[in-house]
Structures are given as C-alpha cells and as structure tokens.
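Residues in the sequence shown are numbered from 76 upward in steps of one, following this note's numbering. The structure appears below as structure tokens.
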Amino acid sequence: MKRTAVAIIIFLLTLMPAFAGPFISITGIDAESKFPRVKFTVNVVNPENRGVAGIDEENIIVYEDGYRVNYRVKDVSRPDDLLHVVIAIDSSRSISARFLERIKSEAGKFIGATDASDRIALIRFNDTVRLLNNFTSNRAELHSGIKSVERHGKFTRLYDGIYDSIELLDRAGDSRKGVIVFTDGKDEGSNLTSDDIISFARDREIPIYFISDNSSTSAHLGRIAKLTGGRYFCVNRKDIACAWNSVLSRIKSVYEIDYSSGIKRDGAKHNLEVRLKYGDLKDRDTAEFEVRRGLFNFRLPDGFYIIAYAIVAALVTLLLVLLFYFCRKSRPKREKGNNEYNPVYSGYSTPVRPGDLVREEAYVDEAPAEVPDVLYSQVWLHQKDGREAGKKIPVIKNEITLGASEANAVIVEDRYASATHARIRRMQGGYYLFDLISDTGTYLNSKKILRPRLLHDWDEIRLGNTSFIFRGIR
Numbered sequence: 076m077k078r079t080a081v082a083i084i085i086f087l088l089t090l091m092p093a094f095a096g097p098f099i100s101i102t103g104i105d106a107e108s109k110f111p112r113v114k115f116t117v118n119v120v121n122p123e124n125r126g127v128a129g130i131d132e133e134n135i136i137v138y139e140d141g142y143r144v145n146y147r148v149k150d151v152s153r154p155d156d157l158l159h160v161v162i163a164i165d166s167s168r169s170i171s172a173r174f175l176e177r178i179k180s181e182a183g184k185f186i187g188a189t190d191a192s193d194r195i196a197l198i199r200f201n202d203t204v205r206l207l208n209n210f211t212s213n214r215a216e217l218h219s220g221i222k223s224v225e226r227h228g229k230f231t232r233l234y235d236g237i238y239d240s241i242e243l244l245d246r247a248g249d250s251r252k253g254v255i256v257f258t259d260g261k262d263e264g265s266n267l268t269s270d271d272i273i274s275f276a277r278d279r280e281i282p283i284y285f286i287s288d289n290s291s292t293s294a295h296l297g298r299i300a301k302l303t304g305g306r307y308f309c310v311n312r313k314d315i316a317c318a319w320n321s322v323l324s325r326i327k328s329v330y331e332i333d334y335s336s337g338i339k340r341d342g343a344k345h346n347l348e349v350r351l352k353y354g355d356l357k358d359r360d361t362a363e364f365e366v367r368r369g370l371f372n373f374r375l376p377d378g379f380y381i382i383a384y385a386i387v388a389a390l391v392t393l394l395l396v397l398l399f400y401f402c403r404k405s406r407p408k409r410e411k412g413n414n415e416y417n418p419v420y421s422g423y424s425t426p427v428r429p430g431d432l433v434r435e436e437a438y439v440d441e442a443p444a445e446v447p448d449v450l451y452s453q454v455w456l457h458q459k460d461g462r463e464a465g466k467k468i469p470v471i472k473n474e475i476t477l478g479a480s481e482a483n484a485v486i487v488e489d490r491y492a493s494a495t496h497a498r499i500r501r502m503q504g505g506y507y508l509f510d511l512i513s514d515t516g517t518y519l520n521s522k523k524i525l526r527p528r529l530l531h532d533w534d535e536i537r538l539g540n541t542s543f544i545f546r547g548i549r
C-alpha cells in the first residue's frame, strides 16, 4: 500500500508543468558602469505566470557573497515601454512535423497577445540562418512569415541562430527585450558554442527563453537560459501556450535593484542572491558576477581621489616637459650625423640609379581565382575567443590588416601572431583573405591558405590561437 502511494505521488509530480516557478529571476547584472554601485534586474511573476505589481524594499532581500546589503527597488516595467522580441524557430528536419505546426500556431497566438506598439522579428534556422521579418508591428507580415516556415536541411545551426537574434536585438536600442527560441535543442554545424552565446547575451543583458519538446536537452538549454536571465520550458502540446504566456509576462514585469557593493575590483567571481517574500510567494534566485581587476585593490575616501588626480596630472606634465627638453637637445647631433660621410658606400665606384631599386608597388598580390557569388552591403568580424571574445569589429575600409602590431586595423593579442599577419581586401565586389608571409600561417575554416581566398558569411579565420568569424549582410 505504501509503495502504491509513493508511486502515485511521483506520477502526480511528473505531471506538473516544467514551468511551475520560480517566481523571481535575475535577468541581468551591471557591475561595471557605475561601480561600486551594482545594478541588476529581476522578473517577478505569480503562480499563474503573470507579472506582479507593487514589489518594493519590503518584499526583497539582497545578499552579496552571503552578506546582506542595503538596496533600492524600482519598477521599470512601464506600460508605455516599447517591447522588442525575436522569435527564432527551428525548422530543421530533426524537429517533428507535428511539433513544428504546433509551434507555428502558438507563435501566431503569441504575436496576437502582444500590444499593438510592440515590435516582433522572426528568424528561422536549419542549415542556414535567415531573417524572415525584421522588427515590425505589422501583424499580417509576421503571420505570413510564420506560415512560410517549412522543415528543411540536414543540420541545426541553433547557436548561430541565437547569435543573430541577440545581435538584431542589440541594434534595437533601449527597450524591454527577449529572445524566444522554439527548438528540440540539438545543435549541428554552428560556428559558435553555448559559452559564446552566454557571454554575448549577458554583455547585452538580453534574456534567452527556450520552448522545447525534448527533455534530453534540458541540461544545456537550461544552463543557457539560467545564465542569461531567461527560462527553459519543456512542454507538451498543451503547455506551449502557458509557456509563451509566462515568457511575455516575465519580459514585461521587470524590477531594477541597485546597491553599493562592498567588494574590491579583484576580477574574482562573486555571488549575488535575491530573496522574495510577497504574501504567500516565497522564492530566491542566485547569479555570479565579476568586476574587472583595478589598478588599486583598496578603496580611498573621495577626497584622496582628487589629490591622486592632481599628482598624476603634475607627473604627466613633468614628463612632457622633460621629453620636449631632450628632443631639443638631441636635434643638433642628429643633423650633424646626417651630413657626415658614410664609409659603407665608399667601395662603390658607380652610384646606384633609381631604376635599379625595386619599388613597393612592384609587389602585386596573386590574382584571386575565385569570383564572388554574393555581394555584401555590410561586413564585420566577430572575435570568437581571446580577452575580447564577443567583440564586433566593423570592416569599413576596402582593405584592413590583422596582426600583433598596433599599426593594424585589427590588433591580435596573441604571441603566435606576426606583427602584420594577414589582410582582408575588397576586390571585384567580394572580400578576400591574404596571408602576409606570417610565421605561423593564416587558417580559413581550419585549412592553411597558400593563396588569396574568397570569404563567405560565417567563415572562421584563425591567426595563431585567436579566431574570428567573418559576417556579412547582403
């Protein structure tokens, strides 16, 4: 009898939807812009997954590294705030036809549930990532875009699709934002990793929400959602509507909390905990953050900073005066040295004629064999790893160089990179990659290039141990 009761309880627990709770979620942390002030945002919802109004300091407790801090709570979910949402739909053949049709139906209902002023964009991904609709409030265009989604392709470029969604939202300016991804959770063929996506989303404070029918992918999708301030929903056919209703409520119900931090600029990981007590609602959430290491790891009174600035300014002025003095003092010696006889050339009876010298223009790069098949209106590089991983580098000029020297347009902080390692040049309407006789070689998609190679969208360029993703918009 006892075993039967336990089995019934376990069965009932498994029937509970995966999206029951939590009621409070940390969605973003800014510990850099106004340090030692730390600002973070949270979503608060009730058991019906609807936003909760009226949260203040009486309902929240904040801990930093286990110590309670004083804080301020501000409701920033104003009704007139613009909402930007990207709906990313997995249309690969790994997803079932039935689930895709259900996704299309529920995505249409989600669009209908948003306010008339809210702007929605639509992306589908399989072998490729394609923007079906840019941000628009035209519901007819969005429904037409959803209707056009069909199962296709052998691979699922999930992370590439999420990256493009975040990048699209990043250009939308200040507003409430979120990415909703309908997927089975499989990634095949992406140029990026889950850690790349997490870093990219957290830097831009954009939460990622997953709605999936595949429980086997809950671990890695749940990790991405958790670390970006989003949520993971493993649903059946009936639960999809509840999931996107929860997402919409969470995006629209936002509170901003800020406090004065007691930590140092030590570059270490620190723990942030927020607790909620609102009537019968009790919940907590945690997140990690770090503050880049500073020059000094101790805090001075405000008056000392003024004195420090004055001392630094005086030292800089003294350095400039000394530099000017020594430059003036050494100038006569240099002029005298230029007029002295140079014995190195005394053995030559015939002067060197200008025509005997090889001009720099005589070195012509090998003509590219590939002809561009796509013309890009906008091109940039996405740094995949290194200290500045996630950085977007626009390619504006017709020619740029990459290398360790500061003279390059793209400076590669890598001990295996040559001073001037590689070049990207616009020719015949396309962009070509050249190796400039580097010490370790230039690699395109893991293959060492021996001649100029045409670049395509999502190509990976590697110099030493540093990789870049070439991106282009037609």
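From the three backbone atoms N, C-alpha and C, an ideal C-beta is built for every residue, glycine too. Since the structure is predicted, the reported quantities are computational estimates derived from the model, not experimental observations.
Let me check one thing: in DSSP terms, what residues is residue i bridge-paired to?
i	result
residue 281	In DSSP, residue 281 forms no bridge with anything.
residue 565	Residue 565 lies beyond the residue range present for the chain, which begins at 76 and ends at 549; the question has no answer from this structure.
residue 452	In the DSSP output, where bridge partners are listed per residue, residue 452 has none listed.
residue 196	161
residue 477	485 and 497
residue 226	Partner(s): none; residue 226 has no beta bridge.
residue 115	104 and 332
residue 184	Its beta-bridge partners do not exist; DSSP assigns none.
Is residue i buried or exposed, if buried means 16 or more other CB atoms sit within 10 Å of its CB?
i	result
residue 306	buried
residue 355	exposed
residue 469	exposed
residue 507	buried
residue 129	exposed
residue 147	exposed
residue 540	exposed
residue 548	exposed
residue 187	exposed
residue 544	buried
residue 139	buried
residue 141	exposed
residue 215	exposed
residue 398	exposed
residue 451	buried
residue 415	Model confidence at residue 415 stands at a pLDDT of 44, short of 50, so the residue's coordinates are unreliable and nothing is read from them.
residue 436	For residue 436, the predicted model reports a pLDDT of 37, less than 50, meaning its position is unreliable and no value from the coordinates is stated.
residue 290	exposed
Using the three-state DSSP reduction, which class does residue i fall into: helix, strand or coil?
i	result
residue 221	helix
residue 92	Confidence at residue 92 is low in this model, with a pLDDT of 38, below 50, so the placement of that residue should be treated as unreliable; the coordinate-derived value is given next. It is coil, neither helix nor strand.
residue 202	coil
residue 238	helix
residue 245	helix
residue 110	coil
residue 295	helix
residue 397	helix
residue 258	coil
residue 408	Residue placement at residue 408 is flagged as unreliable, the pLDDT there being 49, under the threshold of 50; the coordinate-derived value follows with that caveat. Of the three classes helix, strand and coil, the one that applies to residue 408 here is helix, per DSSP.
residue 522	strand
residue 290	helix
residue 150	strand
residue 216	helix
Can you tell me which of the options puts its alpha carbon nearest to the alpha carbon of residue i?
i	options	result
residue 536	517, 251 and 460	517
residue 287	273, 299 and 256	256
residue 115	309, 300, 162 and 349	349
residue 132	143, 122, 123 and 387	143
residue 232	333, 169 and 281	169
residue 365	346, 353 and 359	346
residue 494	522, 445 and 486	486
residue 340	98, 107 and 180	107
residue 368	289, 397 and 344	344
residue 308	292, 285 and 221	285
residue 449	459, 503 and 182	503
residue 242	177, 279, 328 and 190	279
residue 189	157, 174 and 203	157
residue 112	185, 331, 230 and 150	331
residue 336	99, 104 and 546	104
residue 219	180, 239 and 247	180
Assuming residue i contacts residue j (C-beta within less than 8 Å), just tell me the rounded distance between them.
i	j	result
residue 277	residue 303	6 Å
residue 213	residue 167	Not a contact, Cβ separation roughly 27 Å.
residue 237	residue 300	Contact flag wrong, Cβ pair sits at about 11 Å.
residue 198	residue 244	So it is not a contact: roughly 11 Å between Cβ atoms.
residue 260	residue 292	3 Å
residue 226	residue 182	Incorrect: roughly 15 Å between the Cβ atoms, too far for contact.
residue 283	residue 310	The pair is not a contact, with the Cβ atoms about 16 Å apart (cut-off 8 Å).
residue 511	residue 497	6 Å
residue 117	residue 136	The Cβ separation is near 12 Å, so there is no contact.
residue 196	residue 208	6 Å
residue 464	residue 274	6 Å
When you compare the CB of residue i with every CB in chain D, is at least one pair closer than 8 Å?
i	result
residue 235	This model lacks chain D altogether; it includes just one protein chain.
Should residue i be listed as close to the ligand NAD, given that the test is whether its C-beta is under 7 Å from any heavy atom?
i	result
residue 549	The ligand NAD is absent from the structure shown, which contains no ligands of any kind.
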